Structures are given as C-alpha cells and as structure tokens.
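Residue numbers (the working numbering), protein chains in the order written: chain A, 1 to 113; chain B, 1 to 115.
Glycine included, C-beta positions come from ideal geometry on N, C-alpha and C.
All figures in this text were calculated on a predicted structure; none of them were measured in a lab.
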Amino acid sequence: QQQVKQSPQSLIVQKGGISIINCAYENTAFDYFPWYQQFPGKGPALLIAIRPDVSEKKEGRFTISFNKSAKQFSLHIMDSQPGDSATYFCAATIETSGSRLTFGEGTQLTVNP
Amino acid sequence: EAGVAQSPRYKIIEKRQSVAFWCNPISGHATLYWYQQILGQGPKLLIQFQNNGVVDDSQLPKDRFSAERLKGVDSTLKIQPAKLEDSAVYLCASSRGTGRSYEQYFGPGTRLTVT
Numbered sequence: 001q002q003q004v005k006q007s008p009q010s011l012i013v014q015k016g017g018i019s020i021i022n023c024a025y026e027n028t029a030f031d032y033f034p035w036y037q038q039f040p041g042k043g044p045a046l047l048i049a050i051r052p053d054v055s056e057k058k059e060g061r062f063t064i065s066f067n068k069s070a071k072q073f074s075l076h077i078m079d080s081q082p083g084d085s086a087t088y089f090c091a092a093t094i095e096t097s098g099s100r101l102t103f104g105e106g107t108q109l110t111v112n113p
Numbered sequence: 001e002a003g004v005a006q007s008p009r010y011k012i013i014e015k016r017q018s019v020a021f022w023c024n025p026i027s028g029h030a031t032l033y034w035y036q037q038i039l040g041q042g043p044k045l046l047i048q049f050q051n052n053g054v055v056d057d058s059q060l061p062k063d064r065f066s067a068e069r070l071k072g073v074d075s076t077l078k079i080q081p082a083k084l085e086d087s088a089v090y091l092c093a094s095s096r097g098t099g100r101s102y103e104q105y106f107g108p109g110t111r112l113t114v115t
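Structure below.
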C-alpha cells in the first residue's frame with residue numbers, strides 16, 4: 001500500500017504557538033520523508049526532510065520527529081508566525097523507485113496574529 | 001537560476017474538448033515530473049521522464065492523457081477528451097536526477113477547469 005495519511009486537515013494556531021502535523025505510512029520500503037510547503041497559487045516547495053535512520057531533524061523553527069516502529073512522522077513548527085500560513089504536505093518515497101513522491105492529503109495551517 | 005515555467009496558468013474548457021499544458025524545467029535538470037493536484041488533495045504523480053525517456057507512467061490514464069518530452073528539455077501534457085473529473089491543478093517539477101539527494105522543484109501549475 002502506497003498511501004500516506006495526514007492529519008489534521010486544517011489547523012489554526014496563535015502567533016508564537018506550536019503547530020503539529022502528523023503523518024502515517026504503511027509501506028516499510030519508504031526510505032525518505034520530505035515535507036512540502038505550498039502557498040496559494042504556487043507549487044509546493046521542499047521545507048525539510050528526514051531519512052528513517054534518524055529520529056529527529058531540526059532546521060530553524062521546523063522539526064521532524066520520526067518513529068520508525070510506529071510508521072509515523074510529524075512536523076513541528078515552533079514559534080509559529082503568520083507568514084507560516086500555508087498548506088503543508090508530508091510525502092514519502094522509495095529511492096530506487098526513481099523518487100516518485102507519494103503525498104499526504106495536506107494540512108491547511110492558519111496562524112493568527 | 002530561473003524556476004520551472006508552466007503555461008498557461010489557467011484554462012477553462014468544456015468536457016470532451018482537448019487541452020495541452022507546457023512545461024520548461026530548470027536548465028540542466030534531467031528528470032521531469034507531471035503531477036495532478038485535485039482541490040483539497042496532495043499531488044499525484046502522472047508521469048516521470050528521465051531525459052526524453054519515460055521512467056514511470058503507471059498512474060497516467062493513457063486512454064485520454066499523453067505526454068512527451070522531445071529533446072529531453074521541455075514537455076507537454078495533453079488531455080483528449082477532457083472529463084469533469086480532470087478539473088485540477090497540473091504541476092510540473094524537475095530535478096537534476098533521481099534519488100533523495102536531488103530536490104524536486106515545482107512550477108506554479110496550470111489550473112484546469114472542465115465545465
């Protein structure tokens with residue numbers, strides 16, 4: 001099964017708060033898990049990514065937590081800002097498959113000022 | 001460097017009509033992808049090219065969709081005839097190669113409305 005399940009569908013947080021988006025996958029052959037950020041009228045842009053041999057990766061205010069045994073991973077946005085308001089997609093891929101990305105359904109994040 | 005270019009940005013057609021989308025990838029990028037993004041869903045890969053050869057077209061509805069990448073540079077995606085369920089944003093992406101070391105860069109997409 002190639003699906004990636006993402007939740008919540010939408011999320012509203014206050015400025016300065018923590019935004020948490022969760023994803024779960026079934027295919028244990030996935031070996032790369034990127035997160036994409038998409039603004040209205042734009043294509044998705046890579047935000048941060050993690051490999052399954054690492055449990056956490058942090059880049060600035062963005063952190064991925066990865067739980068291989070549970071087949072789950074999550075994106076944490078610390079000190080959320082109004083400029084972070086966008087749609088976030090988790091994705092997964094198998095490197096030997098030619099990097100075909102399987103995307104989650106997306107989470108629309110709104111950060112109120 | 002210039003990003004992935006797509007045209008047109010918007011297209012409205014009636015069902016059973018034909019439509020074509022164009023994509024110019026980032027210079028030097030060997031791999032090109034076409035994704036379909038239905039409103040409220042994540043992008044779904046339709047076809048992947050490596051230079052001018054097809055790597056993966058397993059999710060392309062071949063009875064109505066076709067794509068080509070002549071000379072291994074720009075690409076066109078065609079729908080003939082269109083159905084209502086084809087209404088979506090069609091995203092083109094490119095990367096230097098395949099594998100997790102190569103980031104996919106997405107264009108702004110073409111929003112297709114089929115009435």
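With a threshold of 6 angstroms, establish whether the CB of residue i neighbours any heavy atom of the ligand HEM.
i: A/Glu-26; result: The model depicted lacks the ligand HEM and carries no ligand whatsoever.
Starting from residue i, follow its DSSP beta bridges and name the residues at the other end.
i: A/Asn-112; result: A/Gln-14
i: B/Val-114; result: B/Ile-13
i: A/Ser-19; result: A/Ile-77
i: B/Ile-47; result: B/Trp-34
i: B/Leu-91; result: B/Tyr-35
For residue i, name the three-state secondary structure that DSSP assigns.
i: A/Ser-97; result: helix
i: B/Glu-85; result: helix
i: B/Gly-97; result: coil
i: B/Gly-72; result: helix
i: B/Ala-5; result: strand
i: B/Ala-20; result: strand
i: A/Ala-24; result: strand
i: A/Asp-31; result: coil
i: A/Ala-45; result: strand
i: B/Gly-107; result: coil
i: B/Gln-59; result: coil
i: A/Phe-39; result: coil
i: A/Gly-104; result: coil
i: B/Ile-79; result: strand
i: A/Ser-7; result: strand
i: B/Ser-27; result: coil
i: B/Tyr-102; result: coil
i: B/Gly-40; result: coil
Within 7 angstroms of chain B by C-beta, residues of the segment 28-41 of chain A in sequence order: Tyr-32, Gly-41
Start-end ranges of the beta strand (DSSP E) lying completely within the segment 49-91 of chain A, minimum 3 residues: 56-59, 62-67, 72-77
Residues, ordered as in the chain, of the segment 45-57 of chain B that lie near chain A by beta-carbon distance below 8 angstroms: Leu-45, Gln-48, Gln-50, Val-55, Asp-56
Cβ pair count under 8 angstroms reaching 3, the segment 3-11 of chain B against the segment 103-111 of chain A: no
Three-pair Cβ contact test at 8 angstroms for the segment 6-13 of chain A versus the segment 58-68 of chain A: no
Positions along the segment 64-87 of chain A whose CB lies within less than 7 angstroms of some CB in chain B: none
Given 8 angstroms, three or more beta-carbon pairs between the segment 36-43 of chain A and the segment 15-24 of chain A: no
Three-pair Cβ contact test at 8 angstroms for the segment 51-70 of chain B versus the segment 56-63 of chain A: no
Cβ contact check for the segment 51-60 of chain B and the segment 69-79 of chain B: 3 or more pairs under 8 angstroms: yes
Validate contact between the segment 85-96 of chain B and the segment 29-37 of chain A using beta carbons, cut 8 angstroms, 3 pairs: no
Interfacial residues, the segment 89-105 of chain A to chain B, with Cβ spacing under 9 angstroms: Phe-89, Cys-90, Ala-91, Thr-93, Glu-95, Thr-96, Ser-97, Gly-98, Ser-99, Arg-100, Leu-101, Thr-102, Phe-103, Gly-104, Glu-105
Near-chain A residues of the segment 23-48 of chain B (beta-carbon distance less than 9 angstroms), N- to C-terminal order: Thr-31, Tyr-33, Tyr-35, Gln-37, Gly-40, Gln-41, Gly-42, Pro-43, Lys-44, Leu-45, Gln-48
The segment 101-108 of chain B / the segment 79-88 of chain B touching (three or more Cβ pairs under 8 angstroms): no
Within 9 angstroms of chain B by C-beta, residues of the segment 45-57 of chain A in sequence order: Ala-45, Leu-46, Ala-49, Arg-51
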